[in-house]
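For reference, the structure discussed in these notes is given below.
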Amino acid sequence: MFNLPISYEPPVYRPPSEGPSLLFQVTIGCSNNLCTYCDMYRSKSYRVRPIEEIKRDIHLCANSLVPGDKIFLCDGDALGAPMSVLEETLKTIQEVYPNCRRVGIYATAENILNKTENELKLLNKLGLGIAYLGLESGDDKVLHMIVKGNTAAEMREASLKIKRCGFKLSTIAMLGVGGQKHSENHIEGTAKLLSETCPDFFSFLTTFSVPGTPYHTMIERGLIKPLTSKMLFKEMHDILENSTFDLNPVIFRANHVSNQHPLGGTLSRDKSAIVHQLKEWIAHTPEGVFPPRPHQM
Ligand code: SF4
10 MFNLPISYEP PVYRPPSEGP SLLFQVTIGC SNNLCTYCDM YRSKSYRVRP
60 IEEIKRDIHL CANSLVPGDK IFLCDGDALG APMSVLEETL KTIQEVYPNC
110 RRVGIYATAE NILNKTENEL KLLNKLGLGI AYLGLESGDD KVLHMIVKGN
160 TAAEMREASL KIKRCGFKLS TIAMLGVGGQ KHSENHIEGT AKLLSETCPD
210 FFSFLTTFSV PGTPYHTMIE RGLIKPLTSK MLFKEMHDIL ENSTFDLNPV
260 IFRANHVSNQ HPLGGTLSRD KSAIVHQLKE WIAHTPEGVF PPRPHQM
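Going by this note's numbering, the sequence shown opens with residue 10, and the numbers climb by one from there.
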């Protein structure tokens with residue numbers, strides 16, 4: 010472990026697969042900050058950090074020999090930063106971390122659609138290699154209910170656009186996010202959108218309501234009925250069963266702390282084994298039982 014010579018404005022989040030990456034905050038908070046289930050950046054007002062501060066952080070880490078073979082740019086949707094800031098950040102990384110293998114970033118569909126293909130291609134050329142997109146659901150009713158800020162059509166367009174521009178796309182969907190009422194639409198829309206976009210990486214999180222969020226209030230008022238463990242397994246099963254991954258192999262992971270059992274593989278190669286495992290879990294899970302809330306949440 011290295012003692013970092015820089016400090017972060019907390020809280021700081023990154024995708025599980027970016028655990029070993031060196032983090033730099035390009036933006037603070039999230040430019041949307043409205044998703045009803047999310048409390049990650051509610052304590053922060055969104056802003057883009059001055060480029061001098063970002064460059065100073067990068068130089069301080071490099072001068073202290075902090076390894077940077079993988080780098081992740083925070084916070085919630087750093088791809089929303091202006092091109093001048095992103096270009097300068099990536100050029101500085103290339104200059105002081107010439108061996109950096111990949112730079113990753115969180116992106117919303119809005120961020121992607123607001124940049125031109127030439128701009129995204131330029132960022133990719135400067136080393137920005139992977140974008141993590143919180144799709145959550147491929148169903149418009151669910152997206153509207155959780156105030157995601159984008160429609161399924163925009164999610165599709167953004168996913169295909171970022172892939173066309175050379176990025177690896179990592180898509181995240183949320184099990185149970187539509188509650189019992191919207192589970193069928195959520196399955197259908199999400200399977201369709203995944204099939205149409207074939208992300209390079211795909212993962213599931215399980216929805217747990219966080220006290221203080223509008224989503225939690227809706228559950229308390231009975232407006233959203235959470236899914237039982239059996240229903241969550243069925244949702245995962247049905248989404249995967251109804252998806253076809255023909256464009257490219259998809260690395261699939263459902264190993265987030267919120268998921269009841271870890272599961273993973275390459276789709277479509279391992280699809281039948283994964284679906285079989287889910288059938289087993291569905292068969293052996295009693296009715297009416299809810300998943301335990303993970304300690305880390
Ligand atoms: S876009 Fe992401 S970080 Fe921002 S509020 Fe929604 S879920 Fe949270």
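Note that beta-carbon positions come from the ideal geometry of N, C-alpha and C, so glycine has one too.
The three-state reading of DSSP puts TYR55 in coil, since its state is none of H, G, I, E or B.
DSSP places THR294 in the coil class of the three-state scheme, outside both helix and strand. Collapsing the DSSP output to three states places MET49 in coil. Non-local beta-carbon contacts of SER267 in its own chain, meaning distances under 7 angstroms to residues more than five positions away in sequence, involve LEU214, THR215, PHE217, PRO303, MET306 in chain order. A Cβ-Cβ distance of about 13 angstroms is found for the pair GLY143 and ASP84, leaving them out of contact under the 8 angstroms criterion.
By the Cβ neighbour-count rule, VAL298 is exposed, with fewer than 16 other Cβ atoms within 10 Å of its own.
Per the Cβ contact rule, the segment 62 to 73 is not in contact with the segment 235 to 255 (fewer than 3 Cβ pairs under 8 angstroms). Collapsing the DSSP output to three states places VAL75 in coil. When distances are taken from the beta-carbon of THR117 to the heavy atoms of the ligand SF4, the shortest one is below 8 angstroms.
Closer than 8 angstroms to some heavy atom of the ligand SF4: that does not describe the Cβ of MET240. Leaving aside the five residues that flank LEU88 on each side, the residues in its chain whose CB is nearer than 6 angstroms to its CB run, in chain order, ILE114, ALA116, ASN120. Checking the 8 angstroms criterion, the Cβ of ASN257 is out of range of every heavy atom belonging to the ligand SF4. For GLU96, the three-state secondary structure derived from DSSP is helix. The C-beta of LYS124 has 16 or more other C-beta atoms within 10 Å across all chains shown, which makes the residue buried. A direct Cα-to-Cα measurement between THR199 and ASP66 gives close to 39 angstroms. Under the 8 angstroms Cβ criterion, the segment 103 to 113 does not count as touching the segment 42 to 57, having fewer than three qualifying pairs.
By the criterion of at least three beta-carbon pairs nearer than 8 angstroms, the segment 148 to 166 is in contact with the segment 187 to 199. In the DSSP annotation of this structure, the continuous segment of the alpha helix (DSSP H) that includes ALA200 starts and ends at 192 to 206. For the pair THR98 and PHE33, the CB atoms are nearer than the 9 angstroms cut-off.
Within the model, the alpha-carbon separation for GLU96 versus GLU27 is close to 21 angstroms.
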